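Remarks on the structure that follows.
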Amino acid sequence: MLELCGEDEGLLVENTRRAIADSHYCLGEKEKCDELYSRWLEDNPDWGWGYIGWANCYWFDRSKRPFK
Numbered sequence: 001m002l003e004l005c006g007e008d009e010g011l012l013v014e015n016t017r018r019a020i021a022d023s024h025y026c027l028g029e030k031e032k033c034d035e036l037y038s039r040w041l042e043d044n045p046d047w048g049w050g051y052i053g054w055a056n057c058y059w060f061d062r063s064k065r066p067f068k
């Protein structure tokens with residue numbers, strides 16, 4: 001999917017990366033989600049939305065909440 005974005009390193013790529021990692025999390029592949037966010041943030045530590053997206057995976061995970 002990211003190959004379709006071409007050389008663009010802007011918002012399109014960042015949002016696509018978040019969607020890919022978030023999808024892995026929703027599918028129960030939390031380790032893959034963590035691996036992707038970790039790698040991408042290591043390459044670009046100034047990607048603020050990456051940190052927000054990664055945190056949201058865990059914050060909005062209803063299976064971990066004491067109330068449902």
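The opening position of the sequence shown corresponds to residue 1 in this note's numbering, with each subsequent residue numbered one higher. Cβ coordinates follow ideal geometry from the N, Cα and C atoms, glycine included. Just so it is clear, the structure is predicted and the values come from calculations on it, not from any experiment.
Report task. Can you tell me the Cβ-Cβ gap for Ile20 and Leu36, rounded? I've got them flagged as a contact below 8 Å. Result -> Residue 20 sits at position 20 when you count from the first residue of the sequence shown. Residue 36 sits at position 36 when you count from the first residue of the sequence shown. Right, their Cβ atoms sit about 7 Å apart.
Query raised in the report: Using a Cβ-Cβ cut-off of 7 Å (strictly less than) and excluding sequence neighbours within five positions of Lys32, which residues of its own chain qualify?
Result: As a position in the sequence shown, residue 32 is number 32, starting the count at 1. Hits under 7 Å: His24.
Query raised in the report: At what residues does the alpha helix (DSSP H) containing Asp34 begin and finish?
Result: The residue labelled residue 34 in the question sits at position 34 within the sequence shown. It spans 30 to 43 - the alpha helix (DSSP H) in which Asp34 sits, taken as one unbroken run.
Query - Distance between beta carbons of Arg18 and Gly48, contact taken as under 8 Å - result: Mapped onto the sequence shown, residue 48 falls at position 48. Mapped onto the sequence shown, residue 18 falls at position 18. Not quite, the Cβ-Cβ distance comes to about 12 Å (not below 8 Å), so this is no contact.
Query - Three-state secondary structure assigned by DSSP to Gly50 - result: By 1-based counting over the sequence shown, the position of residue 50 is 50. The answer is helix: DSSP assigns Gly50 an H, G or I state.
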